[in-house]
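**Q**
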């Protein structure tokens, strides 16, 4: 009897988790920040990967992270490689599209602690209060990884990390 109850609870938990995980197979997080600076200054802080350490939320969490820019910085094909948390976080991001002063598109290739290929699109718009930077983050995953993202609250953590990055970008420019 007890074993039947345990199995029923386990099946219900897994079924509920898979149902919730189905909504996490395609995650999109849109965040924005308004920065007091010139459009050129704000755009170049994002475009040139050598500047990423000034506003990286990941480097803020792991100051011992090793990083390297490869290719012609600020151009399509340039890559920012990282190795952090004693080899537990490894990957790179690559600039895949640039529209001068209005858009920078990046594709990430995360190899550890999990495998993923999220995209980060940055849009730059002049407003009365400064330059608005909108970050559009997207990542796709299969059902099993999505289940674990649901189980460990990964989307909430991604939202916090993305906002922290934009806040650090603002701080780096307005200091």
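Residue numbers (the numbering used here): 239 to 413.
Glycine included, C-beta positions come from ideal geometry on N, C-alpha and C.
For clarity, every value in this text was computed on a predicted model and none was experimentally measured.
#1: Is residue 351 a contact residue of the ligand COA, with contact defined as CB to any heavy atom under 7 Å?
#2: Could you tell me whether the Cβ atoms of residue 309 and residue 317 are closer together than 8 Å?
#3: Straight-line CA distance for residue 335 to residue 252?
#4: Can you give the Cα-Cα distance for residue 407 and residue 331, rounded to whole angstroms?
#5: Give me, in chain order, the residues of the same chain whose beta-carbon lies closer than 7 Å to that of residue 412; leave out the 5 immediate sequence neighbours on both sides.
#6: Just the Cα atoms here: how many angstroms apart are residue 258 and residue 265?
#7: Is there contact here, the region 395 to 404 with the region 282 to 301, by at least three beta-carbon pairs under 8 Å?
#8: So, under 8 Å CB-CB, residue 358 and residue 373 are touching, yes? Tell me the CB distance rounded to an integer number of Å.
#9: To the nearest angstrom, how far is it from the Cα of residue 260 to the Cα of residue 271?
#10: Out of 337, 307, 323, 378, which one is the CA nearest neighbour of residue 356?
**A** Put simply:
#1: As for the ligand COA, it is missing from this structure, which has no ligand bound.
#2: yes
#3: 40 Å
#4: 17 Å
#5: 273, 274, 275
#6: A direct Cα-to-Cα measurement between residue 258 and residue 265 gives close to 12 Å.
#7: yes
#8: 6 Å
#9: 30 Å
#10: 378
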